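Here is the structure we will look at.
Residue numbers (the numbering used here), protein chains in the order written: chain A, 58 to 498; chain B, 58 to 498.
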């Protein structure tokens with residue numbers, strides 16, 4: 058796409074992921090300063106990083122300095138190599154660089170990595186009046202929000218929190234210690250962002266202070282950062298449920314090499330695992346040779362197991378991520394899924410049996426005339442068995458993975474389907490042997 | 058679990074989903090008023106509704122009146138039948154009931170259904186000083202937030218927005234019209250909540266005003282409501298990707314009947330669709346009878362197609378939900394997935410071929426001695442074909458669904474896998490015919 062000097066800020070924002078780096082920079086530089094700042098704000102950290110590095114060196118500094126320290130840390134983390142990171146850090150003023158370096162010590166997905174170190178601090182012995190005028194003096198950018206102020210002692214221990222609302226409605230001569238809330242919900246630096254997001258949800262909070270293990274306050278996380286966290290965590294889980302590794306970047310930004318690295322691993326493992334069903338098929342080769350019509354239904358039977366398994370595992374993985382189901386609830390889940398799996402099996406088995414009767418009366422080879430019904434019953438009962446087994450396996454695998462310390466979302470639909478294939482075949486061919494022995498087999 | 062008089066508020070919160078209604082009520086009533094209010098706040102709307110209805114009639118009113126109108130509307134919506142809804146509405150005071158009834162006219166998943174009608178209103182000709190003291194007088198509950206105030210004309214048209222921060226830092230004698238921001242990002246009443254959540258993300262806003270088509274302001278949506286929206290939308294999409302309908306309730310709260318209604322539909326359809334692959338197997342029955350060893354690899358081949366298809370569709374469905382990929386990007390996606398699918402096919406095909414050679418040399422029946430290599434090549438090439446085809450079909454189905462007006466998330470892993478099964482068999486058995494014609498076939 059050629060650079061279009063008429064592209065507005067909104068058009069450029071919409072077209073951004075599809076433009077080449079050169080066209081992005083060219084379009085960006087054609088905007089007015091105000092428009093380009095608005096566009097810059099809508100980009101995510103990785104895009105901001107790429108854009109800054111693509112700008113001429115003389116223009117980089119002002120963009121990097123627009124960012125609050127937590128956002129600047131994200132941008133630095135978005136750089137691909139240490140040289141670029143160092144170059145970005147060098148663009149910052151000295152105090153901000155120190156703050157950013159401190160933030161970079163935290164993992165991206167823990168409370169410390171999300172927090173801003175710029176929060177409004179008050180002393181307990183200040184008057185309400187003094188606190189308000191102190192907060193009024195905080196300039197934009199100096200603190201993340203003035204709506205919540207944190208009351209610290211001389212050693213930076215968190216004593217309480219007070220909202221601007223509480224301050225403006227309190228009598229001006231009171232002390233901050235008299236109006237502050239001391240029962241503060243706070244997060245440890247290393248708290249996982251997913252748990253942190255549940256803390257926000259459970260308590261309907263706008264900001265949560267982050268403290269170290271001695272209770273010293275290090276920063277605040279605000280609810281707008283949590284929106285991104287919830288979205289990211291869901292994306293990661295979905296990518297895993299789909300049988301890939303988390304892409305960790307927007308789809309259009311991942312190159313062919315990156316895609317293959319994230320997508321080929323699981324699929325390759327699954328090809329190898331699927332040889333279990335090749336083995337199962339080989340084991341029943343003699344029965345299949347005798348009653349060839351049984352092979353016709355193999356894709357149907359194993360797909361029923363795979364589909365019910367994918368469904369069950371996805372529901373459980375999501376329920377675990379939402380904290381609706383915990384490890385110790387496995388017994389409740391197993392009883393529930395036993396009932397669901399059996400019911401689904403009976404429904405699907407009935408549909409399968411009836412359709413098989415119709416199919417056989419239309420398309421059956423001559424040699425099994427007179428055995429249509431027993432074959433259809435075999436198909437129906439096998440579907441009951443594999444749907445029940447698929448549901449149980451799919452719902453329990455996330456528990457097994459989590460109890461072993463793995464991510465339950467790795468119990469992807471494709472993994473469950475593949476694992477259930479071989480056992481589904483054994484169920485099918487065992488039932489066939491039992492029903493058809495003495496007649497066809 | 059028997060009622061335990063020693064259960065603390067946190068313990069009760071953790072155990073909540075597992076307790077019977079009676080035990081929930083008994084535990085709840087044993088808490089102090091303060092603790093029970095804290096617990097009540099952490100429950101979601103459906104749980105609050107069930108709890109209120111389970112309390113003795115005399116105690117219901119005070120709990121319903123604790124709620125802000127938008128939360129009260131959610132609780133009323135959580136009731137199962139019209140009588141319960143009417144009973145809950147009757148617990149409210151008259152002005153709140155009117156507000157709640159107005160909110161109930163909106164769908165739950167649109168901006169109007171999320172907004173609170175209680176926002177802080179200012180007139181443009183007020184002085185900053187008057188505005189601050191007006192905001193100070195707003196009691197807790199009277200408005201959702203005093204940190205953002207909306208400037209309206211006499212007909213309730215939205216003229217601008219001003220933050221408490223802007224007010225406290227402005228000179229007190231100025232007029233509100235001089236300090237307000239007039240370039241306001243607002244949402245239409247009927248805007249879908251998913252689009253609204255992107256608006257919050259793109260502009261990093263704490264609150265967005267909701268207006269009707271004539272620009273009259275109806276309420277505000279705050280970012281903490283958006284956290285729930287993002288979580289809910291992701292949950293719905295995941296349930297669909299797993300091949301179920303969205304449960305629309307936490308897993309432990311859905312009874313057996315509800316589970317079956319949400320889960321049996323898609324699976325039943327898929328059983329019927331899978332008869333396409335039964336037909337495909339029947340069509341090649343003569344070839345399979347001649348070279349029975351070909352049947353052994355059927356589960357392997359179709360699973361490769363299903364797995365690559367599930368993976369591709371999940372990635373595209375999520376990218377669409379995040380607005381990273383739009384309908385008009387289909388051409389970019391098709392080119393990308395063509396390259397990815399072919400590369401994956403070559404990787405998986407090579408693994409499959411090598412493993413098939415090893416497998417055949419260990420387990421092959423005597424009659425195909427001397428043909429191991431050509432069979433392994435057949436398997437390998439078929440995997441290339443089905444992986445490529447699965448990837449293409451999986452990535453394009455979400456586009457087809459969306460362009461027809463359906464939810465792209467309905468392109469679930471199980472649906473894609475089932476659709477790809479029959480065509481995968483045709484690919485496999487066509488390649489087998491081409492390679493083995495004149496030797497085994």
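Just so it is clear, CB atoms sit at the ideal spot from N, CA and C, and this is done for glycine as well. Values in this document were obtained by computation on a predicted structure and should not be read as measured data.
Whole-number beta carbon distance between residue j and residue i, since they are thought to touch under 8 Å
{"i": "residue 440(A)", "j": "residue 409(A)", "result": "4 Å"}
{"i": "residue 217(B)", "j": "residue 241(B)", "result": "6 Å"}
{"i": "residue 457(A)", "j": "residue 357(B)", "result": "With a Cβ gap of about 24 Å, residue 457(A) and residue 357(B) do not count as contacting."}
{"i": "residue 365(A)", "j": "residue 448(A)", "result": "5 Å"}
{"i": "residue 480(A)", "j": "residue 446(A)", "result": "6 Å"}
{"i": "residue 374(B)", "j": "residue 468(B)", "result": "6 Å"}
{"i": "residue 368(A)", "j": "residue 471(B)", "result": "7 Å"}
{"i": "residue 330(A)", "j": "residue 361(A)", "result": "About 19 Å separates the two Cβ atoms, so there is no contact after all."}
{"i": "residue 298(B)", "j": "residue 371(B)", "result": "6 Å"}
{"i": "residue 67(A)", "j": "residue 352(B)", "result": "In fact, because the Cβ distance is near 57 Å, the residues do not count as touching under 8 Å."}
{"i": "residue 233(B)", "j": "residue 183(B)", "result": "5 Å"}
For residue i, the residue or residues it bridges with in DSSP
{"i": "residue 207(B)", "result": "178(B), 218(B)"}
{"i": "residue 232(A)", "result": "184(A)"}
{"i": "residue 244(A)", "result": "267(A)"}
{"i": "residue 279(A)", "result": "264(A)"}
{"i": "residue 504(A)", "result": "For chain A, the structure presents residues 58 to 498; residue 504(A) sits outside this window and is missing."}
{"i": "residue 290(B)", "result": "Note: residue 290(B) sits in no beta bridge, so no partner."}
{"i": "residue 259(A)", "result": "In DSSP, residue 259(A) forms no bridge with anything."}
{"i": "residue 238(B)", "result": "218(B)"}
{"i": "residue 249(B)", "result": "167(B)"}
{"i": "residue 197(A)", "result": "200(A)"}
Environment of residue i [buried if 16+ CB atoms lie within 10 Å]
{"i": "residue 296(A)", "result": "buried"}
{"i": "residue 169(B)", "result": "buried"}
{"i": "residue 176(A)", "result": "buried"}
{"i": "residue 59(A)", "result": "Any reading at residue 59(A) needs caution, since the residue's pLDDT is 41, under 50, leaving its predicted position unreliable; the model's value is listed next. Exposed."}
{"i": "residue 252(B)", "result": "exposed"}
{"i": "residue 244(A)", "result": "buried"}
{"i": "residue 473(B)", "result": "buried"}
{"i": "residue 564(A)", "result": "Outside the shown range of chain A (58 to 498) lies residue 564(A), about which nothing can therefore be said."}
{"i": "residue 491(A)", "result": "exposed"}
{"i": "residue 155(B)", "result": "exposed"}
{"i": "residue 173(B)", "result": "buried"}
{"i": "residue 279(A)", "result": "buried"}
{"i": "residue 460(A)", "result": "exposed"}
{"i": "residue 282(B)", "result": "buried"}
{"i": "residue 411(B)", "result": "exposed"}
{"i": "residue 160(B)", "result": "buried"}
{"i": "residue 111(A)", "result": "exposed"}
{"i": "residue 454(B)", "result": "buried"}
{"i": "residue 230(B)", "result": "exposed"}
{"i": "residue 150(B)", "result": "exposed"}
{"i": "residue 419(B)", "result": "exposed"}
{"i": "residue 127(A)", "result": "buried"}
Residue-level contact to chain D via CB, residue i, 8 Å cutoff
{"i": "residue 464(A)", "result": "The structure shown contains no chain D; the protein chains it does contain are A and B."}
- Query: In the stretch 325-366 of chain B, which residue ranges form an unbroken beta strand (DSSP E) of at least 3 residues, counting only runs that do not cross its ends?
  - Reply: none
- Message: Closer than 7 Å between beta carbons: that is the criterion. Which residues of the stretch 400-414 of chain B meet it against chain A?
- Response: 400, 401, 404, 405, 408, 409, 412
- Under 7 Å (Cβ pairs) to chain B, residues found in the stretch 124-143 of chain A: none
- If contact means a Cβ-Cβ distance below 8 Å, which residues of the stretch 353-368 of chain B contact chain A? 353, 354, 355, 356, 357, 359, 360, 361, 363, 364, 365, 367, 368
- Item | Start-end ranges of the alpha helix (DSSP H) lying completely within the stretch 100-171 of chain A, minimum 4 residues | 102-111, 114-122, 126-135, 139-147, 151-161, 168-171
- Chain-ordered residues of the stretch 428-448 of chain A with a beta carbon less than 8 Å from chain B: 440, 444
- Ranges of the alpha helix (DSSP H) found wholly within the stretch 370-447 of chain B, counting only runs of at least 4: 387-420
- Task: Please name the residues in the stretch 197-220 of chain A whose beta-carbon is closer than 7 Å to at least one beta-carbon of chain B, in chain order.
- Result: 203, 204
- Query: Using a Cβ cut-off of 7 Å, which residues of the stretch 310-327 of chain A contact any Cβ in chain B, in chain order?
  - Reply: 313, 316, 317, 320, 321, 324, 325, 327
- Task: Can you give me, in chain order, the residues of the stretch 262-286 of chain A that have a beta carbon less than 8 Å from any beta carbon in chain B?
- Result: 262, 263, 280, 281, 283, 284, 285
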